[in-house]
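If you read the protein sequences in the order shown, they are chains P and A.
Sequential numbering from 1 applies to the first sequence in the working numbering.
Sequential numbering from 1001 applies to the second sequence in the working numbering.
Glycine included, every Cβ here is placed at the ideal spot set by N, Cα and C.
One structure is given below, encoded as structure tokens.
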Amino acid sequence: MTPSPELLPGTLYLLILRTLASGELHGYAIARHIKNSSAETLQIEDGSLYPALNRMLVKGWVSAEWGISENNRKARFYKLTPEGRKQLNRETKEFDRLIQAIQMVMRTA
Amino acid sequence: MQWVKEFWRRVRHIGNRSKFHDELDDEILFHITTRTDELEHTGLSRREAIAQARREFGSTARMQEDTHEAWQFHWIEDLWSDLRYGLRSFRRDKAFTAAAILSLALGIGINTTIFSLTMEFLFSKPSARNPERLVDVRIGGNSHAAIREFRFVRDAHDFEGLAGRHEEAVANWRYGTETYRVFSVRVTDNYFDVTGVPIAMGRPIQHGEDNTVVLTDHFWHNRLGADPQVLGRPLFFDGKPYTVVGVLPHDHRTLLGYGYSPDVYLPVGPHDEKQVVALVARLPEGMTRQVALERVKAICRQLDKTYPQEDPRSVDNSAVISLSGFDRFENEGALPIALFFGMLLVVVGLVLLIACANVASLLLARASSRRQEIAVRLAIGASRSRVIRQLLAESLLLATLGTLAGLAVNLLLTSATNRIQFPLPIPVQLMIQPDWRLLAYSAAVALLTALVSGLMPALKATRSNVSSTMKQGEHQVREGRWTLRNALVTGQLAVSILLLATGFLFLRNLMKATSMNPGFDVQHTAWAQMRLVPERYPKQESVRPIVSAAINQLRAIPGVEAASVVATVPLNDNYHIGAPVRADSSQQSIAAQWNYNRVSADYFRTMDIPILAGRAFSPTDDGNAPPVVIMNENFARLLFGNANPVGHTISYLKGKPMTIVGLARNSKYFTLGEENKLALYLPYFQNNDTRADLSFLVRAERPEAVVKEVTTVLEKLDSSASVETKLMRNALTFALLPSRMGGVLLGSIGFLGLALASIGLYGVLAYAVSRRTREIGLRVALGADRAAVLGMVARQSLSLVVIAIAVGLGIAFFATKPLAMFLVPDLSPRDPVSFLAVIGVLLLVALAATLGPALRALRIDPMEALRYE
Chain P
1 MTPSPELLPG TLYLLILRTL ASGELHGYAI ARHIKNSSAE TLQIEDGSLY
51 PALNRMLVKG WVSAEWGISE NNRKARFYKL TPEGRKQLNR ETKEFDRLIQ
101 AIQMVMRTA
Chain A
1001 MQWVKEFWRR VRHIGNRSKF HDELDDEILF HITTRTDELE HTGLSRREAI
1051 AQARREFGST ARMQEDTHEA WQFHWIEDLW SDLRYGLRSF RRDKAFTAAA
1101 ILSLALGIGI NTTIFSLTME FLFSKPSARN PERLVDVRIG GNSHAAIREF
1151 RFVRDAHDFE GLAGRHEEAV ANWRYGTETY RVFSVRVTDN YFDVTGVPIA
1201 MGRPIQHGED NTVVLTDHFW HNRLGADPQV LGRPLFFDGK PYTVVGVLPH
1251 DHRTLLGYGY SPDVYLPVGP HDEKQVVALV ARLPEGMTRQ VALERVKAIC
1301 RQLDKTYPQE DPRSVDNSAV ISLSGFDRFE NEGALPIALF FGMLLVVVGL
1351 VLLIACANVA SLLLARASSR RQEIAVRLAI GASRSRVIRQ LLAESLLLAT
1401 LGTLAGLAVN LLLTSATNRI QFPLPIPVQL MIQPDWRLLA YSAAVALLTA
1451 LVSGLMPALK ATRSNVSSTM KQGEHQVREG RWTLRNALVT GQLAVSILLL
1501 ATGFLFLRNL MKATSMNPGF DVQHTAWAQM RLVPERYPKQ ESVRPIVSAA
1551 INQLRAIPGV EAASVVATVP LNDNYHIGAP VRADSSQQSI AAQWNYNRVS
1601 ADYFRTMDIP ILAGRAFSPT DDGNAPPVVI MNENFARLLF GNANPVGHTI
1651 SYLKGKPMTI VGLARNSKYF TLGEENKLAL YLPYFQNNDT RADLSFLVRA
1701 ERPEAVVKEV TTVLEKLDSS ASVETKLMRN ALTFALLPSR MGGVLLGSIG
1751 FLGLALASIG LYGVLAYAVS RRTREIGLRV ALGADRAAVL GMVARQSLSL
1801 VVIAIAVGLG IAFFATKPLA MFLVPDLSPR DPVSFLAVIG VLLLVALAAT
1851 LGPALRALRI DPMEALRYE
């Protein structure tokens, strides 16, 4: 396994918010989704997902509820709140600007 | 308001902590199990799958901790560790901690006590149901109304209820063979119904009752031995039996307030037409005092039609006054009381400021000895704000400990105050109880103290240059003369001079007031109060024989030089009249306000008030003789200038002219502080207004020797009367009370302030000198004259004190000016004696604070001094 590139600080929130934009998911599904959709490039340590999710609960971006998973187990499902959706829009724009800026620097350099 | 919601989510989390941990465990389990299942599908063995899933998940312990932390209040955790650190360092530095906490305990203790006292005097509420809706109704501006007026207003049903009461009514209580004078409140039968005064045992006086009595707790305890069978027991007041139906709770506050604590509540009899009562109304929910006042005015006009008076009632003087809280001061002349307490709060605030300055300079001294520690922390990367926070947390801890100790001081002081038996003619008992306001106030004080005493030292301590401080020995370099600490101590001294000057002023005031000559002889006079049962003397004339007999028999007691009866005892009762008067047959009237008194023939001899012209009254000045008066010098000057008034006449607008037969020297009439008051004396027996309360004055070379005999003589005249005899010099307490209170309170506060400032001064000077130990040792080693070194050190300390004295006296000179209103007239607030005393005391303290450490430094072996530190 190639060492995964370090995440930019704060990007984990963006990734989680983006992942949850399509609907509610439990923690494991979020981790899997991030891994799969980045073609396994972004390998975050699964455990670090939960502190991030809890900080987002505190900020009120996501809400959580217990339910039954597809494999019939008790699981905690996370869902975006309206506040979280706003945050996603904000962060997406910020991120795009950042990436553009970096690309511009890369091109001119 | 994002952070508010966040805050609440965190708070809610605290309650769910154990559930949270369980759920987090469940979540981890689910994650790992699901991943294991998935890996197992790819062909791994169960055990390998578990290991792989665990590895991918990472450390569960760290994850749990991080997750938990997401929910925590960081600053609380930080604060907690700061406090623990502070507590540890306090334990190392016991002397410092004790000095700081003691300063704060005294400062805060006295502050909260004065606060409690102020709350009691200014804001206490009477014991009643919804006291804020109870008002005092003054028809035509009169404090009391006749019973028929009361009935008229009650039956108008303008308010939710209207009752009447006569506070400070005296009754004779016959118990066994003795008659005691007790203080009763006479109330109308609906009084308890309207006011809703809570009862501890039994029931209140009810409608239609005129022979029941409600006892106060202290009467029940002190006079009846807390008899548990007291309900239903008959007691005799003013010769009539009353059945005890109820006992009031021990914390009962009357509608009058100010700690007035009567003995019993008695109903006004149904045929008691002469009784006057103060009206108390319960306003309907939502009715303002303005609306109520309009109704009272309307009633007043109706009253004038139903019961016309010679002079119509002055409708516009009618008033509706709150009975509870601060509102009652609105219309009253109680502004000086409020101002006095305001001043007290300012003064104790200054004491607290001094205490804070003490703590601040202690913290400063401590911070400079901790400079290295702080510099190290800053150097290894602690942010300045983090270090300041640590220092502030320590001062917060100090302030909290100090406040707790202060609250203990407060409880001690207030319970002592509550037990004080005030030497007053009416029974007064304070009921200061700690309440939430006190707690809120102390918390605020503690916070403020922490900020004031902690912020400056913290800022200063962290400002210093890291690299220079890291190098030891740098601080031996002499500091600039005006360090923060010097400024602090100067300010502290200046404030304490202000306090001390105020304290001395009030003490001087007390001395002056006590030794002040009221214009009559208090040393050789005694005062007997005799109260007759009114029912026994239905007519005015029936009192006269007993009064004449009393005077004759008192005069016959061996040792008594003169005896007289008097309507108003000076400096105890107040009776003044304001009206236009006319001198001789002049058409022009002069508005005057004078003290009015009726006295019998020997009054002036008894009191040793000189008659400057004309004659004193004679026994023949009675109802059959032409009306005569005696006036004092002030009155004569107003009417006749410097001419002799004797032989002239004075008359009210409609009255007959009265001949002025004598001119009496000015004296004090109601307060010692009054000046230039007018007074008019009338012969006691020339006037029909005789009351059941009689006051006799006797003159004797040794009045204490005749007190007993006076009482016996009067008791023999009427065994149902209550008699109380006291020395006139002990009866001035009422007049002296303001001076005593001011003297005791401000004197002790001033000395407390001085004590605190002295501790601070001593600490700072001693610290400064001890830091120069090496320098002093060096000078001595190099051959400097010891006396010269001592002089140098003393000069530098004293210069600090002299500056402080100059600043403090400058402030005191102006700040004490408004205090004149509390002082006796011939004492100026800029009394030089007070100021000189203050300067002397402070110089002594400064000298002691300098000489001690300086001498110690001089005595040190130079070699040792050089090795010092």
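- With respect to chain A, the C-beta atom of Tyr-78 of chain P has no partner C-beta closer than 7 Å.
- Put simply, the CB of Ala-1070 of chain A is near chain P, with a gap under 7 Å to one of its CB atoms.
- DSSP places Met-1792 of chain A within a helical segment (H, G or I) once states are collapsed to three.
- For Ala-1692 of chain A, the closest C-alpha among the options A:Tyr-1175, A:Ala-1163 and A:Gln-1529 is that of A:Gln-1529.
- As DSSP reads the structure, Phe-1236 of chain A sits in a beta bridge with A:Arg-1174 and A:Pro-1241.
- Membership of Ile-1032 of chain A in any beta strand (DSSP E) is not indicated; the residue belongs instead to the alpha helix (DSSP H) covering 1017-1041.
- Contacts with chain P at 7 Å (Cβ-Cβ) do not include Asp-1078 of chain A.
- Boundaries around Asp-96 of chain P are those of the alpha helix (DSSP H), 82-108, since no beta strand (DSSP E) includes it.
- Taking Arg-1598 of chain A as the centre and dropping the five residues before and after it, the same chain places the C-beta of Ala-1567, Leu-1682, Tyr-1684 and Asn-1687 closer than 6 Å to its C-beta, in chain order.
- At a Cβ-Cβ threshold of 7 Å, Tyr-78 of chain P and Val-62 of chain P count as neighbours.
- Cys-1356 of chain A sits away from Gly-1140 of chain A, with the two beta carbons spaced by 7 Å or more.
- Judged by beta-carbon spacing, Arg-1154 of chain A lies beyond the 7 Å limit of Ala-1278 of chain A, meaning their Cβ atoms are not closer than that value.
- For the region 1029-1045 of chain A, the set of residues with a beta-carbon nearer than 8 Å to any beta-carbon of chain P comprises Phe-1030, His-1031, Thr-1033, Thr-1034, Arg-1035 and Asp-1037, in chain order.
- Taking a C-beta cut-off of 9 Å against chain P, the contacting residues of the region 1044-1065 of chain A are Ala-1053, Glu-1056, Phe-1057, Gly-1058, Ser-1059, Thr-1060, Arg-1062, Met-1063, Gln-1064 and Glu-1065, listed in chain order.
- For Asp-1066 of chain A, there is no enclosing beta strand (DSSP E); the enclosing alpha helix (DSSP H) has its first and last residue at 1060-1070.
- Each residue's CA atom was taken as its position, placing Ala-1616 of chain A and Leu-1697 of chain A some 16 Å apart.
- Look at Trp-66 of chain P here: in three-state DSSP terms it is strand.
- In this structure, the beta-carbon distance from Phe-1192 of chain A to Ile-1205 of chain A falls below 7 Å.
- Rounded to the nearest angstrom, the Cβ distance from Ala-1513 of chain A to Ser-1739 of chain A is 4 Å, consistent with a contact under 8 Å.
- Within the region 19-30 of chain P, the residues whose Cβ lies closer than 8 Å to any Cβ of chain A are, in chain order, His-26, Gly-27 and Tyr-28.
- For Ile-1299 of chain A, no beta strand (DSSP E) segment is defined; the enclosing uninterrupted segment is the alpha helix (DSSP H) at 1289-1306.
- Under the Cβ criterion of 7 Å, Arg-90 of chain P is not counted among the residues facing chain A.
- According to the DSSP assignment, Thr-1649 of chain A belongs to no alpha helix (DSSP H) but to the beta strand (DSSP E) extending over 1649-1652.
- His-1250 of chain A carries a coil assignment under DSSP once its states are collapsed to helix, strand and coil.
- When C-alpha distances from Leu-1231 of chain A are compared across A:Asp-1217, A:Thr-1449 and A:Ser-1018, the shortest belongs to A:Asp-1217.
- Under the DSSP assignment, His-1218 of chain A falls in the alpha helix (DSSP H) whose first and last residues are 1217-1224.
- Contact with chain A is absent for Ala-101 of chain P, since none of that chain's Cβ atoms lies less than 7 Å from the residue's Cβ.
- Phe-1670 of chain A carries a coil assignment under DSSP once its states are collapsed to helix, strand and coil.
- Shown in chain order are the members of the region 34-47 of chain P whose Cβ falls below 7 Å from a Cβ of chain A: Glu-45, Asp-46 and Gly-47.
- The Cβ atoms of Glu-1160 of chain A and Pro-1284 of chain A sit closer than 7 Å to each other.
- Fewer than three beta-carbon pairs drawn from the region 1697-1715 of chain A and the region 1664-1672 of chain A are found closer than 8 Å, and the two stretches are therefore not classed as touching.
- Check the Cα spacing between Thr-1306 of chain A and each of A:Val-1185, A:Ser-1442, A:Glu-1373 and A:Glu-1149: the tightest is with A:Glu-1149.
- Taking C-alpha positions only, Ala-1579 of chain A is separated from Ser-1589 of chain A by approximately 9 Å.
- Distance from the CA atom of Thr-1417 of chain A to the CA atom of Ala-1731 of chain A, rounded to whole angstroms, is 22 Å.
- Here DSSP, grouped into helix, strand and coil, assigns Asp-1693 of chain A to strand.
- In this structure, Val-1268 of chain A sits near Thr-1188 of chain A, with a CB-CB distance shorter than 7 Å.
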